[in-house]
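Engineer: Read in full-length UniProt numbering, the sequence shown has 146 at position 146, and its numbers run on one by one without any break.
Here a beta-carbon is modelled for each residue, glycine too, at the ideal position from N, C-alpha and C.
Dumping the structure here so I can ask a few things about it.
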Amino acid sequence: KNLGLSETVEQARNAVSTNDFNEKMESVEKAIDWKIYPGQFGIGSSNGMIVPDGDYNNAIISGVYAGPGAAAKNAIGNTPYGPCFVLARVPDHILQQAYYKNQFYYRYREYGKWGDWYYVMTSDQWTVDANGFYKKASPIIEVYPDGAFTTNEESEGAKVTKEGTGVYRISNISGYNADGAWGVHGGISVPKDNNGLELIFIDDRVQYNGSIIIETFHRQHSHLPTRFQNWRLKLIDENNERVFYEDGEPCDIPDNYCLDVRVQMPEDISMERQAAGVK
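So, in structure tokens, the structure goes:
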């Protein structure tokens, strides 16, 4: 027999005490009637919820929060000037996502303790170098064997000139990138073969005006078995014999490869780009 709603309610009433039944019904009615109005929990409003006491550790209720600015506690980067998204599964399993422009961080609370903030790199903050590895971007210059080059948005204005065999000058810059994310200088990604061996040596120097001179030299890897060494053809002589580059001999960047160079752009160029509306 199919029971109607009234019969179902009556059977439920008879199955539990009156007080328990009333409490359960009140709970159900509240759940049915409960609504979210514009602005509640930071939803449907141009203003987010207030971070309690400006402390991100206290933002534990699901919703969209407005960063408290300079007074923020337990925040990360510039995210106190952007929104924070909080998702709670239960009171002690909470995810926070904090944003500011192209900065994106997240962390997780579990067993009464907040974990570290983790930074999520977006597509405008990484590049794939000549060897297929992801590296921190901006600003990058790709230098090709004949001196041709490409810049990305952040390195626009830089220039490359080939001054001789294996000699490349990068100008309109202020040396290598200052944060050192690519190594000691900031730096250069050198092409490698299938065995992970670098194909050239690099000698570089930063000039007083910020330009960088990069010189490239053949790298033979003569310590390896003959078949695994870097045999690079230099020319065919008058006797139709092949002549190979010697170890340490000046040479251009190998064909079909490029040098990825991460540089620091001059402040005046950065200011001009900002004034032009380039982020």
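Can you grab the Cα-Cα spacing for the pair Tyr106 / Gly48, in whole Å?
Structural biologist: C-alpha separation (whole angstroms): 18 Å.
Engineer: Would you list the residues sitting across from Gln103 in a DSSP beta bridge?
Structural biologist: DSSP, once it has assigned bridges, lists Tyr100 as partnering Gln103.
Engineer: Give every residue of the same chain whose Cβ lies closer than 7 Å to the Cβ of Ile202, excluding the five residues on either side of it in the sequence, and list them in chain order.
Structural biologist: Correct list, in chain order: Ile188, Val190, Ile214, Thr216.
Engineer: What three-state label does DSSP hand Phe244 in the structure shown?
Structural biologist: Phe244: strand per DSSP, three-state reduction.
Engineer: Just confirm the distance between the C-beta atoms of Val160 and Gly175, as a whole number of angstroms; I'd bet it's less than 8 Å.
Structural biologist: About 15 Å separates the two Cβ atoms, so there is no contact after all.
Engineer: If you draw a straight line from the C-alpha of Glu267 to the C-alpha of Glu154, how long is it?
Structural biologist: Spanning the two alpha carbons is a distance of roughly 12 Å.
Engineer: Distance, Cα to Cα, Tyr144 vs Leu233?
Structural biologist: Looking at the two C-alpha atoms, the distance is approximately 18 Å.
Engineer: Roughly how many angstroms lie between the CA atoms of Gly69 and Gly164, to the nearest whole one?
Structural biologist: Using only the alpha carbons, I get a separation of about 53 Å.
Engineer: Any heavy atom of the ligand PLP closer than 6 Å to the CB of Asp203?
Structural biologist: Absence of the ligand PLP is noted for the structure shown, with no ligands found whatsoever.
Engineer: Between the Cα of Lys192 and those of Gln220, Tyr108, Ile212, Gly210, spot the shortest distance and give me the residue it belongs to.
Structural biologist: Out of Gln220, Tyr108, Ile212, Gly210, Gln220 has the C-alpha closest to the C-alpha of Lys192.
Engineer: Check for me: the beta strand (DSSP E) holding Thr216 runs from which residue to which?
Structural biologist: Start and end: 212-218.
Engineer: At what residues does the beta strand (DSSP E) containing Thr122 begin and finish?
Structural biologist: Run containing Thr122: none; DSSP gives neither H nor E here.
Engineer: Could you say which of Arg89, Ala72, Leu87, Ile43 lies nearest to residue 314 if we only look at CA atoms?
Structural biologist: No answer is possible for residue 314: it lies beyond the span of the chain, which begins at 1 and ends at 279.
Engineer: Between which residues of its own chain and Thr122 is the CB-CB distance below 8 Å, once the five residues before and five after are set aside?
Structural biologist: Excluding positions up to five away in sequence, the list reads Asn102, Phe104.
Engineer: Count the other C-beta atoms from every protein chain shown that fall within 10 angstroms of the C-beta of Met265, then say buried if there are 16 or more, exposed otherwise.
Structural biologist: Counting Cβ neighbours within 10 Å, Met265 comes out buried, since at least 16 surround it.
Engineer: Leaving out five residues before and five after Ile236 in sequence, what residues of the same chain have Cβ atoms less than 8 Å from its Cβ?
Structural biologist: Answer for Ile236: Arg242, Val243, listed in chain order.
Engineer: Within its chain, find whatever has a CB closer than 8 Å to the CB of Gln229; leave out the 5 residues flanking it on each side and keep chain order.
Structural biologist: Excluding residues within five positions, the ones whose Cβ falls inside 8 Å are Gln220, His221, Ser222.
Engineer: According to the neighbour-count rule (16 or more other Cβ atoms, all chains shown, within 10 Å of its Cβ), is Val261 buried or exposed?
Structural biologist: The residue is buried, with at least 16 neighbouring Cβ atoms inside 10 Å.
Engineer: Comparing alpha-carbon positions, which option in Val206, Asn152, Asn194 lies nearest residue 286?
Structural biologist: In this structure the chain extends from 1 to 279, so residue 286 is not present and cannot be described.
Engineer: How many Å lie between Ser211 and Tyr257 at the Cα?
Structural biologist: When rounded, the distance between both Cα atoms is 22 Å.
Engineer: Alpha carbon to alpha carbon, what distance is there between Tyr118 and Tyr134?
Structural biologist: The straight-line gap from Cα to Cα measures roughly 17 Å.
Engineer: How would you call Gly132, buried or exposed, if buried means at least 16 neighbouring beta carbons within 10 angstroms?
Structural biologist: Burial call: exposed.
Engineer: Comparing C-alpha positions only, which one of Val120, Glu198, Gly157, Asp252 sits nearest to Ile76?
Structural biologist: Nearest option by C-alpha distance: Val120.
Engineer: Could you pull out every residue in the same chain whose Cβ sits closer than 7 Å to the Cβ of Asp252, ignoring the five residues on either side in sequence?
Structural biologist: Closer than 7 Å at the Cβ level, and outside the excluded window around Asp252, lie Pro145, Thr165, Gly166, Thr216.
Engineer: Who are Ala88's beta bridge partners in DSSP?
Structural biologist: According to DSSP, Ala88 bridges with Ile94.
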